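Working notes for the structure below.
There are 2 protein chains.
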Amino acid sequence: MSIRPIEEEAWELLEKSIIYYRGSPVGTIAARDPDIAALNYDQCFVRDFVSSALIFLVKGRADVVRNFLQITLKLQPKTVQLDCSKPSRGLMPASFKVELFNGQEYIKADFGDHAIGRVAPADACLWWIILLRAYVVATQDLDLAHRDDFQEGIRLILTLCLVTRFDMYPMVLVPDGASMIDRRMGLYGHPLDIQSLFYAALRASAELLIPNQENQQMIDAIHCRLVPLLKQIRENYWLDSDRLNVIYRFQVEEYGEEALNQFNIFSDSIPFYRLAKWVPEAGGYLAGNLGPSQMDCRFFAIGNLMAIISSLTNEEQSHKILNLIELRWGDLIGHMPMKLCYPALEDADWRIVTGCDPKNRPWSYHNGGSWPVLLWMLTAAARKMSRAELAHHAIAVAERRLLLDHWPEYYDGPDARLIGKESRRYQTWTVAGYLLAKELIANPDHLKLVNFEDEVI
Amino acid sequence: MSIRPIEEEAWELLEKSIIYYRGSPVGTIAARDPDIAALNYDQCFVRDFVSSALIFLVKGRADVVRNFLQITLKLQPKTVQLDCSKPSRGLMPASFKVELFNGQEYIKADFGDHAIGRVAPADACLWWIILLRAYVVATQDLDLAHRDDFQEGIRLILTLCLVTRFDMYPMVLVPDGASMIDRRMGLYGHPLDIQSLFYAALRASAELLIPNQENQQMIDAIHCRLVPLLKQIRENYWLDSDRLNVIYRFQVEEYGEEALNQFNIFSDSIPFYRLAKWVPEAGGYLAGNLGPSQMDCRFFAIGNLMAIISSLTNEEQSHKILNLIELRWGDLIGHMPMKLCYPALEDADWRIVTGCDPKNRPWSYHNGGSWPVLLWMLTAAARKMSRAELAHHAIAVAERRLLLDHWPEYYDGPDARLIGKESRRYQTWTVAGYLLAKELIANPDHLKLVNFEDEVI
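Protein chains in written order, with numbering that gives the first Met the number 0: chain A, 0 to 456; chain B, 0 to 456.
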């Protein structure tokens, strides 16, 4: 089969994006747009690299992934850090770059301390575990994951997420802007995007940790958390017609352990009439965030798609999410798969929730913009639920534009018809996401890199 | 000096509010309103008890405080809790009550797991340390604080606050509703009220921890945190004319360690015209919250008053806060000292930030309501800055109403002219707060119970 021009260029761009450290490939840079100042786009972001890494694993370039995992593991702080100017024990950096000093190459990590707004990369450590497990699945090289330093790295990440906290929810508590949406967008507390990654990371850790004395407490902790987390997400984050009916008639101010409206959600805060019109009878999805008197009813793609992939949602729920995408295609896919979040925050919501962020103006960037990298997650989710036609359709939509538009980072507008206002071109994860989607369609066996079967309850 | 009727009734009410456990006094109940169902108002709340405790210490009833400290210390989880349905190691309960079972009395604690909205009591453990130090100052009974179990209790609280976190700010990260404002009000992340208590608790711990090998790491950690926290609050939370001018002209999207606008605050999100009119030239205050693209410009009383008391603000700033209260008397004091938060969230802000909370409607309860308990903090702050006339004036305002209105929990309305819509009467901390303010005015020496001198920088 001859390779088409779009794929040919994609492979070439991916190859050129590889970062070398002392001669070895260790990651990929975020973007190689020749027309815009690099800022931090010349770095290797942990979350961005995941798409490249998965395609490398598919293509037998596991060496790059192995090097990346080892390099980042070395960057992870291993001792208790009581100095707040140093990153916490267990944290993984948001990004790193290779710097020259006295003719020698060094790795410089950013744990959010250099980033715009000083945001924390809470997702990086979760992606790192998920990627390590994908590497093991692809290569069968369990020895790497079983090495003492890797076992310790996993334990430290889990300790950070599981042990010390103020609240008593099964979800992990994060500050605002701690994931791919790294600007203020109402994603503080218990945002779905982080919870889905957290669940996948717990599932991956359960596979990777050697059942020995050193790990036993952590293994117990994982199993103690999986079910309450699953129940919380499947029950209290879930939104469909039936659930909307329940929430609409919630009692409030319930005191005590028996409260049904555990989070004291006030019905008036939920846009029922919009949702009743928008959510099809056959559809449903997980809400974007949940906390005291807070239920964020926006649809977030990463949280919902990763929930399907990791079996955080049950089979019926997974189908309902895909039904929603299919039946609300114009809203969620439009001219480029797919919306990172829908709908956009507008007017007072935009002013109050984003703090008047002009980059996140309505229907732009994170706030209702469309991100081609999500194509691989959509494809994996659709493949898993045996609905490849949905993925085929989405890939076809993407192919009409990506090459022509030079692989932009994101698209703007309610129907994704505009190239993102501040979008970089030649964005590596746009390229990698497309290639990965193609591979997942060509060979569903690759799904095993990220898939978890439903086996918990 | 003959005791006046108002004080006589207050003492009587305080005495009647004492909770006994197996014959010993161990705390005070939240309210004794005969006309409203108790719900959880029959419990002893840690944060509520602080006011009673301080007046007990002033009056030589240190036994109640000692019993309270011992009881609550026993409730604090001491082992690593990996089960999310159990409270974290180091956490102090929001409240406890005495229950009868088979004719025997037992203590039942609530760590937020029974509370409306399931909110976490992050402030309780900070108040506990502050109160322990007040007990030691009052009684000179350093032996209690030096007991192994108390030293361990302090270390566990500090570990919870200092060690594990995602972000790299000196502030402590908390979920929404984690303090006296225990409903959704935009106080997630790094709210001032919590940071001021955190700072005071760090200062108290530095005094209470024995400098031995077991404690050394924690003592180092305290000293490592105090200065960055102080700098962050004094520099980046501070709002006055000069600072408004700086923020008004902030550059945005600054990348790197040298960024001046560290949190990427967008000028449009700050209500400059309202603030420029409201903040007097001679006044200033600490903003209510700070995070990525977030600067909450509301005035919060606990955060600002406790900052003066603990010398978290410098002398000039402390005076400017008191100037603001004096020059904006009608807004912040009105007919009852004083506003918990000013101004109220209205319209879209109320809808979005509180999630349409009817109890926190504009100018009611936490959202622009007035709380008599704050009288003691105002008196302490004014006394400390040698501005007793301000406290005298506020106490005189309170005395016009408290007895007549039967000691309500809170008042409503922009000028505090209405008794709170769902306010309990005979609220213990209203009574205790008034008595404490009177004692602080009568004898400034009592200030030492809560005061910290400026000695850090």
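Each residue gets a CB set at the ideal place from its N, CA and C atoms; glycine is no exception. Small disclaimer: the values here were computed from a predicted structure and weren't measured.
Practice task
Answer yes or no: does any C-beta atom of chain B fall closer than 8 angstroms to that of Leu-229 of chain A?
Solution key: Here the question's residue 229 of chain A lines up with position 230 in the first sequence. No, no contact with chain B.
Exercise for the section: Specify the secondary structure class of Phe-271 of chain B as computed by DSSP and reduced to three states. Expected result: Along the second sequence, read from residue 1 onward, the residue named residue 271 of chain B stands at position 272. Phe-271 of chain B: helix per DSSP, three-state reduction.
Problem - Bounding residues of the alpha helix (DSSP H) (the contiguous stretch that carries Glu-6 of chain B) - result: The residue given as residue 6 of chain B occupies position 7 in the second sequence. It spans 4-15 - the alpha helix (DSSP H) in which Glu-6 of chain B sits, taken as one unbroken run.
Problem - Proximal residues, the segment 326-353 of chain A versus chain B, C-beta separation under 9 angstroms - result: Asp-346, Ala-347, Asp-348, Arg-350, Ile-351, Val-352, Thr-353
Practice task
In the DSSP assignment, find the alpha helix (DSSP H) that holds Gly-457 of chain A and state where it starts and stops.
Solution key: In the structure as shown, chain A starts at 0 and stops at 456, and residue 457 of chain A therefore has no counterpart that could be examined.
Exercise for the section: Tell whether a beta-carbon distance below 8 angstroms holds between Leu-74 of chain B and Thr-427 of chain B. Expected result: Numbered from its first residue, the second sequence carries residue 74 of chain B at position 75. Numbered from its first residue, the second sequence carries residue 427 of chain B at position 428. No, the Cβ-Cβ distance between Leu-74 of chain B and Thr-427 of chain B is not below 8 angstroms.
Practice task
Report yes or no: is there a C-beta of chain B within less than 8 angstroms of the C-beta of Leu-81 of chain A?
Solution key: The count along the first sequence starts at 1 and reaches residue 81 of chain A at position 82. By this cut-off, Leu-81 of chain A is an interface position.
Problem - Tyr-187 of chain A at chain B interface by Cβ criterion, 8 angstroms - result: By one-based count along the first sequence, residue 187 of chain A stands at place 188. Yes, Tyr-187 of chain A lies at the interface with chain B (some Cβ there is under 8 angstroms from its Cβ).
Handout entry: Where the segment 235-253 of chain A meets chain B: residues whose CB sits under 9 angstroms from a CB there
Key = Val-251, Glu-252, Glu-253
Practice task
May I ask you to list the residues that DSSP assigns as paired with Asn-263 of chain B?
Solution key: The residue labelled residue 263 of chain B in the question sits at position 264 within the second sequence. Paired residue(s): none; Asn-263 of chain B is not in a bridge.
Problem - Which residues DSSP lists as bridging Tyr-284 of chain A, in chain order - result: Here the question's residue 284 of chain A lines up with position 285 in the first sequence. DSSP, once it has assigned bridges, lists A:Leu-238 as partnering Tyr-284 of chain A.
Handout entry: Euclidean distance between Cα positions of Arg-424 of chain A and Trp-406 of chain A
Key = For the purposes of this step, residue 424 of chain A is taken as the residue at position 425 of the first sequence. For the purposes of this step, residue 406 of chain A is taken as the residue at position 407 of the first sequence. Using only the alpha carbons, I get a separation of about 5 angstroms.
Handout entry: Contact check, Trp-349 of chain A vs Leu-439 of chain A, beta carbons under 8 angstroms
Key = The sequence position of residue 349 of chain A within the first sequence is 350, counting from 1. The sequence position of residue 439 of chain A within the first sequence is 440, counting from 1. It is not a contact, given that the beta carbons lie outside the stated cut-off.
Practice task
Quick one: give me the first and last residue of the beta strand (DSSP E) that Pro-24 of chain A is part of.
Solution key: For the purposes of this step, residue 24 of chain A is taken as residue 25 along the first sequence, with counting starting at 1. Pro-24 of chain A -> beta strand (DSSP E) spans 23-27.
Handout entry: Segment limits, beta strand (DSSP E) that includes Gln-103 of chain A
Key = The sequence position of residue 103 of chain A within the first sequence is 104, counting from 1. Taken as a continuous stretch (DSSP letters only), the beta strand (DSSP E) holding Gln-103 of chain A covers 103-109.
Practice task
For Cys-223 of chain A, go through chain B and note every residue whose CB falls closer than 9 angstroms to its CB, in chain order.
Solution key: What you label residue 223 of chain A is simply residue 224 of the first sequence in a count that begins at 1. Going along chain B in sequence order, the residues near Cys-223 of chain A (Cβ under 9 angstroms) are Leu-81, Asp-82, Cys-83, Ser-84.
Exercise for the section: Assign Gln-69 of chain A to one of three DSSP states: helix, strand, or coil. Expected result: Numbered from its first residue, the first sequence carries residue 69 of chain A at position 70. Of the three classes helix, strand and coil, the one that applies to Gln-69 of chain A here is helix, per DSSP.
Exercise for the section: For the alpha helix (DSSP H) containing Cys-223 of chain B, list its first residue and its last residue. Expected result: Here residue 223 of chain B refers to the residue found at position 224 of the second sequence. 212-230 is the extent of the alpha helix (DSSP H) around Cys-223 of chain B.
Practice task
Taking Gly-26 of chain B as the query, report the chain A residues whose CB atoms sit under 7 angstroms from its CB, ordered along the chain.
Solution key: Numbered from 1 along the second sequence, position 27 holds the residue referred to as residue 26 of chain B. Simply none; closest approach about 20 angstroms.
Handout entry: Residue range of the unbroken beta strand (DSSP E) whose run includes Cys-124 of chain B
Key = Within the second sequence, residue 124 of chain B is the residue found at index 125, counting from 1. It is not in any beta strand (DSSP E) - Cys-124 of chain B instead sits in the alpha helix (DSSP H) that spans 121-138.
Practice task
Measure the Cβ-Cβ separation of Ile-264 of chain A and Ile-246 of chain A and say whether it is below 8 angstroms.
Solution key: Taking the first residue of the first sequence as 1, we reach residue 264 of chain A at position 265. Taking the first residue of the first sequence as 1, we reach residue 246 of chain A at position 247. For Ile-264 of chain A and Ile-246 of chain A, yes; Cβs fall inside 8 angstroms.
Practice task
Determine contact between the segment 4-12 of chain B and the segment 46-59 of chain A, defined as no fewer than three beta-carbon pairs at a distance below 8 angstroms.
Solution key: no
Problem - Secondary structure of Gly-432 of chain A, DSSP reduced to three states - result: Numbered from 1 along the first sequence, position 433 holds the residue referred to as residue 432 of chain A. Here Gly-432 of chain A sits in helix by DSSP.
Practice task
Find out if the Cβ-Cβ distance for the pair Asp-356 of chain B, Arg-183 of chain B is shorter than 8 angstroms.
Solution key: For the purposes of this step, residue 356 of chain B is taken as the residue at position 357 of the second sequence. For the purposes of this step, residue 183 of chain B is taken as the residue at position 184 of the second sequence. Against a cut-off of 8 angstroms, the Cβ pair of Arg-183 of chain B and Asp-356 of chain B comes out as a contact.
Problem - Cβ pair count under 8 angstroms reaching 3, the segment 171-185 of chain A against the segment 335-351 of chain A - result: yes
Exercise for the section: Could you pull out every residue in the same chain whose Cβ sits closer than 7 angstroms to the Cβ of Ala-30 of chain A, ignoring the five residues on either side in sequence? Expected result: For this step, residue 30 of chain A is matched to residue 31 along the first sequence. The residues are Tyr-40, Glu-408, Arg-423, Tyr-425, Gln-426, Thr-427.
Practice task
Say whether chain A places a C-beta atom closer than 8 angstroms to the C-beta of Phe-197 of chain B.
Solution key: As a first step, residue 197 of chain B must be located in the second sequence, where it is residue number 198. No, because no Cβ of chain A sits closer than 8 angstroms to the Cβ of Phe-197 of chain B.
Exercise for the section: Starting from Val-97 of chain A, find everything on chain B with Cβ-Cβ shorter than 9 angstroms and list it in chain order. Expected result: For the purposes of this step, residue 97 of chain A is taken as residue 98 along the first sequence, with counting starting at 1. Those do not exist, as Val-97 of chain A stays about 17 angstroms from chain B at its closest Cβ, beyond 9 angstroms.
Handout entry: Whether Gly-176 of chain B touches Pro-291 of chain A by CB criterion (8 angstroms)
Key = In the second sequence, residue 176 of chain B corresponds to position 177, counting from 1. In the first sequence, residue 291 of chain A corresponds to position 292, counting from 1. In this structure, Pro-291 of chain A lies closer than 8 angstroms to Gly-176 of chain B by Cβ.
Handout entry: the segment 204-218 of chain A contacting the segment 80-89 of chain A, beta-carbon criterion three pairs below 8 angstroms
Key = no
Practice task
Using a Cβ-Cβ cut-off of less than 7 angstroms, give me the residues of the segment 289-314 of chain A that come near chain B, in sequence order.
Solution key: Gly-290, Pro-291, Ser-292, Gln-293
Exercise for the section: Apply the 10 Å Cβ neighbour rule to His-445 of chain A and answer buried if 16 or more other Cβ atoms are within range, or exposed otherwise. Expected result: In the first sequence, counting from the first residue as 1, residue 445 of chain A sits at position 446. His-445 of chain A should be labelled buried.
Practice task
Could you say which of A:Tyr-272, A:Val-63, A:Ile-106, A:Val-372 lies nearest to Gly-432 of chain A if we only look at CA atoms?
Solution key: Numbered from 1 along the first sequence, position 433 holds the residue referred to as residue 432 of chain A. Considering only alpha carbons, the answer is A:Val-372.
Practice task
State the Cα-Cα distance for the pair Ile-324 of chain B and Gly-354 of chain A, rounded to the nearest angstrom.
Solution key: Looking up residue 324 of chain B in the second sequence gives position 325. Looking up residue 354 of chain A in the first sequence gives position 355. Approximately 27 angstroms between the Cα atoms of the pair.
Practice task
Compare the beta carbon distance of Leu-155 of chain A and Val-49 of chain A with 8 angstroms and say whether it is the shorter of the two.
Solution key: Counted from its first residue, the first sequence places residue 155 of chain A at position 156. Counted from its first residue, the first sequence places residue 49 of chain A at position 50. For Leu-155 of chain A and Val-49 of chain A, no; Cβs fall outside 8 angstroms.
Handout entry: Trp-237 of chain A beta carbon less than 8 angstroms from that of Gln-316 of chain A
Key = As a first step, residue 316 of chain A is located in the first sequence; it is residue number 317 there, counting from the start. As a first step, residue 237 of chain A is located in the first sequence; it is residue number 238 there, counting from the start. It is a contact, given that the beta carbons lie within the stated cut-off.
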